[in-house]
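Residue numbers (my numbering): 472 to 795. Using N, Cα and C, we set each Cβ at its ideal position, and we do this for glycine too. Fair warning: this is a prediction, and the values are worked out from it, not measured in the lab.
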């Protein structure tokens, strides 16, 4: 819901709402009086705040805009920031006034290497996402978050990252350095998404992950063989998005609990290579595309014949993002 569409009474009533509540504050900001009421509600109910920031917009006597809003919401705990348009956010120092942050997501037009010093003291962070991090200084601060459960960053170096017992979800958008240490550093990992990752030459480290149930490999064109899974019977979804040189997917056929499978832009495989998917009795959604148009027609017939939905598993379950 949009904050500017809510009345004071609407805000007060939110503290009695059951379940998840999300409030979006658009780039034009919000009335300061309304923000103060929202802050009182935040003291009683943990509401996720989605903040859209246009750094060309500035606060005035009546309205707070951008990160200036943090001064009026010291009780917020979960914040998602999306910086838009042409002026980059160069600092998040305004967040230092907040009492406790448990979830922070930072996206959009953010200065590369932005200092995370203002949020270092928030040691109860469970979810952290930074679209264009982490450099060494940033990683040192994120590494101090012992309660981290979900991490989404562009780059991560595992050799200088402490063991994270509670971390179950990892998304990497560019580089995972020292990937062979992943099982050691994140032994409880259940969801893994790797995108790009040109520096990973050997993907057999995936075989060491004992608890993974969801795997997404995105835009990694040099991967040829999908590794065996340590515990294939617990695999729920596997996505191979724009990985055209995959030529061996035999490990999929051991995933007896698999409900969703996606593979796109394939050039080394054909429909016959997926015939054993019929053995997977829990499969519900399958989405496979080839660079060869004739194969695309053939695979769709195969999917329909098996009674599966020909759709991206992520769209059906709402648990993952659609491919770019």
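Should residue i be labelled buried (16 or more other beta-carbon atoms within 10 Å of its own) or exposed?
i, result
"residue 838", "Residue numbering for the chain in the displayed model covers 472 to 795; residue 838 lies beyond these limits and cannot be assessed."
"residue 545", "exposed"
"residue 552", "buried"
"residue 783", "buried"
"residue 778", "exposed"
"residue 535", "buried"
"residue 529", "exposed"
"residue 576", "buried"
"residue 594", "exposed"
"residue 490", "exposed"
"residue 478", "exposed"
"residue 599", "buried"
"residue 790", "Note on residue 790: pLDDT 39, under 50, position unreliable in the model; no value is reported."
"residue 570", "exposed"
"residue 472", "exposed"
May I ask which residues mark the beginning and end of the alpha helix (DSSP H) holding residue i?
i, result
"residue 686", "Segment 685–689 is the beta strand (DSSP E) holding residue 686; no alpha helix (DSSP H) there."
"residue 506", "503–513"
"residue 611", "607–614"
"residue 755", "Unbroken run through residue 755: none, as it is neither H nor E."
"residue 479", "479–485"
Could you tell me how far apart the beta carbons of residue i and residue j are, in whole angstroms, since I believe they sit closer than 8 Å?
i, j, result
"residue 609", "residue 587", "5 Å"
"residue 753", "residue 728", "5 Å"
"residue 486", "residue 516", "5 Å"
"residue 639", "residue 661", "4 Å"
"residue 647", "residue 668", "6 Å"
"residue 538", "residue 563", "7 Å"
"residue 737", "residue 760", "7 Å"
"residue 573", "residue 592", "Contact flag wrong, Cβ pair sits at about 13 Å."
"residue 750", "residue 724", "6 Å"
"residue 625", "residue 645", "4 Å"
"residue 492", "residue 524", "In fact, because the Cβ distance is near 21 Å, the residues do not count as touching under 8 Å."
Looking only at its chain, what residues have a beta carbon closer than 8 Å to the beta carbon of residue i, apart from the 5 residues adjacent to it on each side?
i, result
"residue 678", "698, 699, 700, 701"
"residue 696", "674, 717, 718, 719"
"residue 771", "781"
From residue i to residue j, what does the alpha carbon distance come to, in whole angstroms?
i, j, result
"residue 706", "residue 584", "36 Å"
"residue 547", "residue 712", "36 Å"
"residue 691", "residue 590", "33 Å"
"residue 744", "residue 774", "13 Å"
"residue 659", "residue 684", "11 Å"
"residue 740", "residue 748", "14 Å"
"residue 652", "residue 686", "17 Å"
"residue 730", "residue 704", "11 Å"
"residue 474", "residue 620", "29 Å"
"residue 643", "residue 613", "14 Å"
"residue 603", "residue 611", "15 Å"
"residue 480", "residue 497", "20 Å"
"residue 763", "residue 666", "24 Å"
"residue 680", "residue 688", "15 Å"
"residue 555", "residue 664", "25 Å"
"residue 758", "residue 495", "33 Å"
"residue 542", "residue 565", "7 Å"
"residue 499", "residue 734", "41 Å"
Starting from residue i, trace the beta strand (DSSP E) both ways and give me its first and last residue.
i, result
"residue 652", "Looking at the DSSP string, residue 652 is not in any beta strand (DSSP E), and its letter there is neither H nor E."
"residue 519", "519–524"
"residue 771", "Where residue 771 is concerned, there is no enclosing beta strand (DSSP E), although the alpha helix (DSSP H) it sits in stretches over 764–776."
"residue 624", "621–628"
"residue 736", "731–737"
"residue 709", "708–712"
"residue 455", "Nothing about residue 455 can be read from this structure; the chain reaches only from 472 to 795."
"residue 574", "574–579"
"residue 474", "Note, residue 474: premise wrong, no beta strand (DSSP E); not H, not E."
Between which residues of its own chain and residue i is the CB-CB distance below 6 Å, once the five residues before and five after are set aside?
i, result
"residue 616", "596"
"residue 526", "558, 560"
"residue 776", "none"
For residue i, which residues in the same chain have their Cβ closer than 7 Å to its Cβ, ignoring the five residues on either side in sequence?
i, result
"residue 674", "694, 698"
"residue 649", "628, 629, 630"
"residue 501", "474, 475, 534, 535, 540"
"residue 567", "589"
"residue 513", "544, 546, 547"
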